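*Asks:* Just dropping this structure here.
Numbering (the working numbering), first residue to last: 24 to 165.
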């Protein structure tokens, strides 16, 4: 009985890591960010582009940082700059490719906040998101 348990243990010790590595590799390669698109994804994307109005298609061609800036400025006008700065920080954390643009987005948000709230009130929302660029945008627009 003891020998049988050892054989089973040795077999599992050899086979289990191989199975885990292969299943992990397959799982990672099947997610959308892996760079490979299946035929169904390409067909779905093409079908959506055909049905989309012209304005939405031009929106898709814009740089992600420009789309994010427009969304955050609209959000800032509806709520306040603090909410927009929080969402900017989360967007950069979720998509690190936006990090190089974080300072310019925060600066533009600061300038937009001056237009909407005035320099004194806009400065009250300043906090250290993207190296205090929001405050720099407020100061430049004042």
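Note that CB positions come from ideal geometry on N, CA and C, so glycine has one too.
These numbers come from a predicted model, not from an experiment.
(1) Alpha carbon to alpha carbon, what distance is there between residue 91 and residue 125?
(2) Residue 152 to residue 146, Cα distance in whole Å?
(3) Check each candidate in 163, 44, 32, 24 and name the one with the smallest Cα separation from residue 141.
(4) Span of the alpha helix (DSSP H) holding residue 159?
(5) If you compare alpha carbons, which of 148, 149, 136, 161 is closest to residue 93?
(6) Note down the Cα distance separating residue 107 from residue 165, rounded to an integer number of angstroms.
(7) Taking residue 157 as the reference, which of 144, 143, 139, 127 has the closest Cα?
(8) Give every residue of the same chain whose Cβ lies closer than 6 Å to the Cβ of residue 149, excluding the five residues on either side of it in the sequence, and list them in chain order.
(9) Could you say which of 38, 84, 101, 154 lies nearest to residue 129 if we only look at CA atoms?
(10) Use the C-beta contact count for residue 32: other C-beta atoms within 10 angstroms, 16 or more gives buried, fewer gives exposed.
(11) To the nearest angstrom, how far is it from the Cα of residue 99 to the Cα of residue 117?
*Replies:* Checking against the coordinates, here is how it stands:
(1) 10 Å
(2) 13 Å
(3) 163
(4) 156–164
(5) 136
(6) Taking the straight line from one Cα to the other gives about 20 Å.
(7) 127
(8) Result list for residue 149: 157, 158, in chain order.
(9) 154
(10) Residue 32 comes out exposed.
(11) C-alpha separation (whole angstroms): 20 Å.
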